[in-house]
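In the order they appear, the protein sequences are chains A and B.
For the first sequence, our numbering assigns the number 147 to the initial residue and increments by one for each residue that follows.
For the second sequence, our numbering assigns the number 5 to the initial residue and increments by one for each residue that follows.
Glycine included, C-beta positions come from ideal geometry on N, C-alpha and C.
Keep in mind the model is a prediction, meaning the values are calculated, not measured.
What follows is a set of notes on a single structure, which appears directly below.
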Amino acid sequence: MLNKLKEIADNSEKWLSQASNIDEINELRVKVLGRKGEITQVLRGLKDLDAGERASVGKIANQLKERLENMFSSRTEEIKSQELELRLARESVDISLPGLPLQRGGKHPLTLINEEIRDIFLTMGFSVAEGPEIESDYYNFEALNIPRDHPAREMQDSFYISEDILLRTHTSPVQVRTMEKLAPQLPVKIIVPGRVYRRDDDATHSPMFNQVEGLVIDKRITFGHLKGTLMHFAHKIFGEDVKVRYRPSFFPFTEPSAEMDISCVNCKGSGCRVCSHTGWLEILGAGMVDPRVLQFGGYDGEQVTGFAFGMGVERIAMLKYGINDLRLFFDNDKRFLRQF
Amino acid sequence: MGVSINWLKQYVDFNWRAEELANRLTMAGIAIEGIDQEDDDFILDLDLTPNRGDCLGMINLAREVAALNGSSIRMPEIAIKENHENINQYIKVGIDASDLCQRYAARLVKNVKIQESPAWLQKTLIHSGIRPINNVVDVTNYVMLECNQPLHAFDYNLLGNTILVRRARAGERFTTLDEVERKLDNDMLVITDGSKPVALAGIMGGLDSEIHDATVNVLLESAWFLGPNIRRTSRKVGLRSESSIRFEKGTDINGVIYAVNRAAMLIQELAGGEVVKGIEDVYPEPRKELQVTLRPERVNYLLGTELTPSQMRSYLEQLQFPVKEQKGNFIVNIPSYRPDIEIEVDLIEEVARLHGYDKIEPGLPGGETIPGGLTPFQKFRDEIKNIMSPYLNEVINYSFISEENFQRLLLPQDSNLRNVVRIANPLSEEQAVMRTLLLPGLLENASTNLARKNENLEFYEMGAVFYPAESGLPLERIRIGAVVCGHSDVNWTRHRVEMDFFYLKGIVENLLWKLGLEDCEFVVAKDFSYHPGRSAVLKYYGDELGIIGEVHPLVLHNYDIKQRCCAFELDVEKLFAHKRTRLMVDKIARYPAVERDIAVVLADEVTAAAALKAIRDAERELLKDVVVFDLYSGEQVAVGYKSMAFRMTFQSMERTLTDNDINSSVNRIVDRLQKDFKAELR
């Protein structure tokens, strides 16, 4: 009987090592350890033995059964992991193939820059005001201290709808509209993004372009605040290392007026084609709101002061994105749009 | 304007090199755009702001330099040898329009010899962009460049002994020096010889009285004309001259005499002749001294500086403005050559720019701040762009279009969309009317891109369209529109989505769903610009939000587009008015969902929407969801019929559903389809 057990053990070991898949092992397990399996047969034969022999052979048989069970399960694990490895190897793909192309839309670069400008001012407590693109002469000129025949009207040749209605030439009319709405509340702190129109069409002028205007009115607003606010803006949008300078300028609706230049983003101020070799780029106009304009808006220029500023969004976008041709913005070529 | 540094040095001393000078002037508000070297000289390219027209004169520019380096200017001395005759024997000046011409001075130089100017004078003029003509005309131009006072020289013998300044008569005709006959109107100012015009005041002289080679007696005009009137006339006749540019911006009414004397003196030097004694100077209402009060505390209040009153005073004195102190304030006499200074803030700017803008400390406004932010409508527009942008590229088109588009879009003559806001002075017919819809711009975008072989397009635009109003300003509505064509990018998988009607409808449905407007109905559209069988109007409880569809093949043809394009256009303001915040309506069920598919044969005219509605109506309780998952017509389905397959999801909040539950629901649904549409189960 012991020989029989030994034979079962040796055969099982041999067959197990030869088995190549889980099915074969399972078959073998049934044959050896199953209810009608070889070991079971042996154990059933124990009852024919005498008590002493029965105990020793029974012990050996049970040990063998346990050993075989362990062998079967470890061999099963081994084969499973071999099979998994094979499957993984079989399933490998060329990971260098491109991913499934999703639709790739995007916002227009001018929208992106507009949002960037807007967000900087929003965090500084500004609100966004808007006004009509077709304006009255009054809001576009008169109330901004630009009477008829003022030479400044020439700076911005206009598209007229009728004698008194025109396509706004700047976003500044919204200054007065907002003041009228809010006066005498303080503070006024708005930016005004929007499309504007001038009768000019060449390589560096588009008959339609975008501006962002700003207006702050409160008690004790100073030219220093203008400088500080716009300097903060310049650093946020062009980087903290950009240098800023202010030059006197002229706008009919501000006095004193200033032009803000930043050190050239291309050459860092050493002089290049982008900055016409001056090292500086003009990026926005600003000034203290003219008391006459405050009055048009319903505020007393003795009691409150304010500053205003305006910038061309295309110019900022060109500098930020390295775009060298204004026309690209309105040409709407897919090859251009897809880059943003 | 080009300014010679050597010439400038005749009036003021400075040790700055050209670049330093340019920088100082720029930082003081006199922008120098560039510097050109010429032999031993540098020419500064001046870019003046419109308020500083005075610096078109060298002497005034020299005043700026003097103010910056604390020196003072040298005015050329006047030394004229006058004869013993009297100007009154020769000329009598009258002004009939003293509102437009507030001063007119005339001087006579007899027996001159007209010839070429000396080289220095010609060179000076050429640097300044003025063509040399002859010694007399060149002198008038030279003095204009020097003093910013335009002068005119008449051939006295062709003129007679009277000058009368008056408004032109309506329809009066006059030929200017450039040999163009001008038709005048009653708002224009002319210089006449008593009867007929001899000059268009401040703009250009007449052909009949110009200086020519045989001229012997020269009558010099130095006058002050009202800027706005000169500007208006100049625009109306389409003629801008060095003279009109200066008058427009305002000249120095008290500089009139110096300039005419300076010219007489130079003519005498360069063309010989004798200067007749005296000046005929008509100046009915001499300019009143303009005094402006400057309050030192106001300067610091506005600038945020801590300047002392004496600092402020010294800046004003550097500008040679006479200053008196009165009760702690400064009373400043504004020189007549600075017509740009009218009120206190103008003086504050002068103080600020001489102090230097860069020396003013930057700060941030303090005090109470109201939190900023966007209005709900502004946020809404952002939201729409955010929803669109993953799928579509945003374009920005001009707001004006060509009227021809309406023809191309097949709009009937009486279409409301043809009722446009028209630009009175467009740059071209292509940009003559304000758009009433976004579609033409989008189709043009598709057309140009396809012509450039940019295939597969997906564009959207958000912007205003414009309609005439009964009164006041035109109406502006914000819209969103899109155009798509082609399919998604080529790739190695088999997934390539065709960007057709249903693709675009998916984009619109996604938008509507996100705005809480999924109840929106798509109703068959009748629109001239769209395919009649492939377009729909979007209706939200009866309110038309816009249209979606395949563009009509004839319209595509009109835009040179050779493939199918789909487009939509929606009213953003209506979307905003209807938008709803999404609420969590569906509870998450704890019991399993069961799916069942059915395929039924339906007549072609039964729409998916109608079938889906019938299914939902038939089982309101357990049916969670139903979608169309297949659509087939062809073999095995009779002509005029289609097979439509639905996947239905059943679920209960209370229990696990049994086969019986589901079978009875499905039977109810099938019965309903049979009853409503004579549908047959496949």
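Start-to-end residues for the beta strand (DSSP E) that takes in residue i
{"i": "B:V632", "result": "L627 to Y636"}
{"i": "A:L179", "result": "Note, A:L179: premise wrong, no beta strand (DSSP E); alpha helix (DSSP H) at I168 to L179."}
{"i": "A:M457", "result": "T451 to G458"}
{"i": "B:W517", "result": "Here B:W517 belongs to no beta strand (DSSP E); instead the alpha helix (DSSP H) covers F505 to K518."}
{"i": "B:Q315", "result": "Here B:Q315 belongs to no beta strand (DSSP E); instead the alpha helix (DSSP H) covers P313 to Q322."}
{"i": "A:T403", "result": "Sequence inspection shows Ser at residue 403 of chain A; the Thr mentioned does not correspond to that position. First-last of the beta strand (DSSP E) with A:S403: T400 to S409."}
{"i": "A:S395", "result": "V390 to F397"}
{"i": "B:L677", "result": "Taken as a continuous stretch (DSSP letters only), B:L677 belongs to no beta strand (DSSP E), being part of the alpha helix (DSSP H) at D663 to F681."}
Close Cβ partners of residue i (< 7 Å) along its chain, the five nearest in sequence each way excluded
{"i": "B:R28", "result": "W20 and L72"}
{"i": "B:R686", "result": "A603, V604, V605 and S647"}
{"i": "B:E433", "result": "S406"}
{"i": "A:F397", "result": "S403, G431 and G433"}
{"i": "A:R341", "result": "E279, M354 and N356"}
Endpoints, the alpha helix (DSSP H) within which residue i is located
{"i": "B:Y262", "result": "V260 to A275"}
{"i": "A:Y285", "result": "D283 to N286"}
{"i": "B:N73", "result": "M62 to N73"}
{"i": "B:L560", "result": "P557 to N562"}
{"i": "A:I185", "result": "E184 to R190"}
{"i": "B:T255", "result": "It is not in any alpha helix (DSSP H) - B:T255 carries neither H nor E in the DSSP assignment."}
{"i": "B:T30", "result": "A22 to M31"}
{"i": "B:I602", "result": "No alpha helix (DSSP H) holds B:I602; the beta strand (DSSP E) holding it covers V598 to A607."}
{"i": "B:D142", "result": "N139 to C151"}
C-alpha distance - residue i paired with residue j, whole-angstrom precision
{"i": "A:E276", "j": "B:V437", "result": "23 Å"}
{"i": "B:A123", "j": "B:P339", "result": "35 Å"}
{"i": "B:D564", "j": "B:L454", "result": "9 Å"}
{"i": "A:D283", "j": "A:I429", "result": "27 Å"}
{"i": "B:R412", "j": "B:R483", "result": "21 Å"}
{"i": "A:A165", "j": "A:L148", "result": "26 Å"}
{"i": "B:G231", "j": "B:V241", "result": "15 Å"}
{"i": "A:K335", "j": "B:D418", "result": "46 Å"}
{"i": "B:I9", "j": "A:D348", "result": "33 Å"}
{"i": "B:C59", "j": "B:I249", "result": "12 Å"}
{"i": "B:V260", "j": "B:C105", "result": "12 Å"}
{"i": "A:D194", "j": "A:Q228", "result": "44 Å"}
{"i": "A:V178", "j": "A:E184", "result": "5 Å"}
{"i": "B:R266", "j": "B:E81", "result": "8 Å"}
{"i": "A:M270", "j": "B:A26", "result": "36 Å"}
{"i": "A:L214", "j": "A:D169", "result": "17 Å"}
{"i": "B:F325", "j": "B:Q295", "result": "10 Å"}
Cutoff 8 Å; reference residue i; Cβ partners in own chain excluding five residues on either side
{"i": "B:A101", "result": "V169, R170, R171 and L193"}
{"i": "A:M217", "result": "S158, E159 and L162"}
{"i": "B:L626", "result": "F654, Q655, S656, L661, D665, I666 and S669"}
{"i": "B:I352", "result": "L298, R302, V303, L306 and L307"}
{"i": "A:I383", "result": "E262, I263, I266, I462 and K466"}
Proximal residues of chain E, C-beta to C-beta of residue i below 8 Å
{"i": "B:R357", "result": "Of the chains in the structure shown, none is chain E; the protein chains are A and B."}
Spatial neighbours of residue i in its chain, beta-carbon cut-off 6 Å, leaving aside the 5 residues before and after
{"i": "B:V631", "result": "R651"}
{"i": "B:K543", "result": "E525 and V527"}
{"i": "B:N161", "result": "N221"}
Contacting positions in the stretch 382-407 of chain B - beta carbon closer than 9 Å to chain A: Q382, D386, K389, N390, M392, S393, P394, Y395, L396, N397, E398, V399, I400, N401, Y402, S403 and F404
Members of the stretch 428-449 of chain B that neighbour chain A once the beta carbon cut-off is set at 8 Å: Listed by position, the residues of the stretch 428-449 of chain B near chain A (Cβ gap below 8 Å) are A428, N429, P430, L431, Q435, M438 and N449.
Positions along the stretch 166-190 of chain A whose CB lies within less than 8 Å of some CB in chain B: Residues passing the 8 Å Cβ filter: none.
Against chain B: residues of the stretch 229-257 of chain A by CB proximity under 7 Å: L243, P244, L246, P247, Q249, G251, G252, K253, H254, L256 and T257
Interface residues of the stretch 436-449 of chain A facing chain B [CB-CB below 7 Å]: D436 and P437
Cβ pair count under 8 Å reaching 3, the stretch 570-584 of chain B against the stretch 436-452 of chain B: yes
Stretch-stretch touch, CB-based, cutoff 8 Å, three pairs: the stretch 275-287 of chain B with the stretch 331-350 of chain B: no
Three CB pairs or more closer than 8 Å across the stretch 135-151 of chain B and the stretch 254-271 of chain B: yes
Interfacial residues, the stretch 381-393 of chain A to chain B, with Cβ spacing under 7 Å: R391, Y392 and R393
Interface residues of the stretch 494-509 of chain B facing chain A [CB-CB below 7 Å]: N495, W496, T497 and H499
Stretch pair the stretch 360-376 of chain A + the stretch 252-261 of chain A: three plus CB contacts closer than 8 Å: no
contact_flag[the stretch 392-399 of chain B, the stretch 407-414 of chain A] where n(CB pairs < 8 Å) is 3 or more: no
At least 3 beta-carbon pairs within less than 8 Å: the stretch 320-338 of chain A vs the stretch 443-452 of chain A: With a cut-off of 8 Å, the stretch 443-452 of chain A and the stretch 320-338 of chain A count as touching, because enough Cβ pairs lie within range.
Validate contact between the stretch 176-183 of chain B and the stretch 208-215 of chain B using beta carbons, cut 8 Å, 3 pairs: yes
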